[in-house]
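Residue numbers (my numbering): 16 to 152.
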């Protein structure tokens with residue numbers, strides 16, 4: 016199966032929600048989901064000890080890893096500028112990078128974060144809420 020989605024940390028942090036877990040599991044079993052290395056850094060940041068870090072790292076290993084390339088940073092900066100021109104500054108740097116990776120590889124960003132909708136509004140790329148906004152915190 017071909018990759019379709021690039022998962023964001025906002026989804027990973029909500030995997031304890033049964034609906035989120037069921038959707039991620041189905042996509043993962045179909046081999047349609049990937050992550051990128053900045054997502055690893057964001058997700059592993061919350062580990063309080065080595066055991067938690069190892070568990071989180073094991074979870075991440077279930078998703079295909081896409082390495083960030085220099086052109087992804089270039090695109091993230093371009094999008095940041097476009098957003099600034101529209102007075103929409105403040106999108107998180109990791110989100111800009113994740114969106115750039117997804118855009119250049121023609122993947123849909125799978126998220127639970129309004130930043131990706133705002134980025135998609137200026138790039139035209141695909142982004143999809145894992146479950147509708149506001150359903151969980």
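We put the CB at the ideal spot given by N, CA and C, even for glycine.
Rounded separation between residue 82 and residue 130 - CA only: For the purposes of this step, residue 82 is identified with residue 67 of the chain shown, where counting begins at 1. For the purposes of this step, residue 130 is identified with residue 115 of the chain shown, where counting begins at 1. Cα to Cα, residue 82 sits roughly 22 angstroms from residue 130.
Cβ-based burial, residue 98 [other Cβ within 10 Å; buried from 16]: Stepping through the chain shown from its first residue, residue 98 is reached at position 83. Buried, since its Cβ has 16 or more Cβ neighbours within 10 Å.
Segments assigned beta strand (DSSP E), at least 3 residues, entirely inside the stretch 77-118: 79-81
Nearest-angstrom beta carbon gap, residue 54 and residue 23 [assumed within contact, 8 angstroms]: The sequence position of residue 23 within the chain shown is 8, counting from 1. The sequence position of residue 54 within the chain shown is 39, counting from 1. The Cβ separation is near 7 angstroms, so the contact holds.
Contact set for residue 30: own chain, Cβ-Cβ below 7 angstroms, skip 5 residues either direction: Counting from one through the chain shown, the residue named residue 30 turns up at place 15. Correct list, in chain order: 36, 39.
Any 3 or more C-beta pairs closer than 8 angstroms across the stretch 83-103 and the stretch 131-138: yes
Separation of residue 66 from residue 143, as counted between CA atoms: Position 128 of the chain shown, counting from 1, holds the residue named residue 143. Position 51 of the chain shown, counting from 1, holds the residue named residue 66. The alpha-carbon atoms of residue 143 and residue 66 are separated by roughly 32 angstroms.
Residues of its chain near residue 57, where Cβ-Cβ distance is below 8 angstroms and the 5 sequence neighbours each way are ignored: Stepping through the chain shown from its first residue, residue 57 is reached at position 42. The residues are 24, 109.
Burial state of residue 60 (16 or more Cβ within 10 Å): Numbered from its first residue, the chain shown carries residue 60 at position 45. Exposed, since its Cβ has fewer than 16 Cβ neighbours within 10 Å.
Straight-line gap, residue 13 to residue 128 (C-alpha atoms, nearest Å): Here the chain has residues from 16 to 152 only, and residue 13 is not among them.
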